[in-house]
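Reviewing the structure listed below.
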Amino acid sequence: MSSATVTPREPKSEQEVLGTYRQMQSEMQGLIQNLTKIEMDRNEHRLVEETLTPLDPDRRAFRLVGGVLVERTVREVLPTVREHRGNLDIVVQNLKEKLDAKQKETA
Numbered sequence: 078m079s080s081a082t083v084t085p086r087e088p089k090s091e092q093e094v095l096g097t098y099r100q101m102q103s104e105m106q107g108l109i110q111n112l113t114k115i116e117m118d119r120n121e122h123r124l125v126e127e128t129l130t131p132l133d134p135d136r137r138a139f140r141l142v143g144g145v146l147v148e149r150t151v152r153e154v155l156p157t158v159r160e161h162r163g164n165l166d167i168v169v170q171n172l173k174e175k176l177d178a179k180q181k182e183t184a
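Throughout, this note's numbering is defined as the position within the sequence shown, counted from one, plus 77.
Take a look at the structure:
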């Protein structure tokens, strides 16, 4: 049988605690900035989807792909926009979960 030795944690200095706290605050700020940017992208996708949905599927639609404006039809563009918005919804949810966990860790 092995004997486990438990070494007590050394108390951290006030500077170390403050540094850790500031680092965590900085990480939370970064998460909030990413979340805000992605939510804006998601809202743009939602607006495009709402705009394209009532249109004739054979109507021309333009889409920016890698910095190049490409001509397509609404029928071709709308499924892609919906898929991207769904992916952005998942990313937003994941970032919110990470932010909540970081806030609980900080508290």
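Each residue gets a CB set at the ideal place from its N, CA and C atoms; glycine is no exception.
Along the alpha helix (DSSP H) that carries residue i, what are the first and last residues, could you check?
i, result
"residue 123", "91-129"
Starting from residue i, trace the beta strand (DSSP E) in both directions and tell me its first and last residue.
i, result
"residue 184", "First-last for residue 184: undefined, no H or E at that position."
So who's on the other strand from residue i, going by DSSP bridges?
i, result
"residue 148", "139"
Inspect the beta-carbon positions of residue i and residue j and report whether they are closer than 8 Å.
i, j, result
"residue 175", "residue 108", "yes"
"residue 138", "residue 124", "no"
"residue 121", "residue 155", "no"
"residue 134", "residue 152", "yes"
"residue 149", "residue 140", "yes"
"residue 119", "residue 169", "yes"
"residue 117", "residue 183", "no"
Does the beta-carbon of residue i have 16 or more other beta-carbons within 10 angstroms, so that it is buried, or is it exposed?
i, result
"residue 165", "buried"
"residue 178", "exposed"
"residue 158", "buried"
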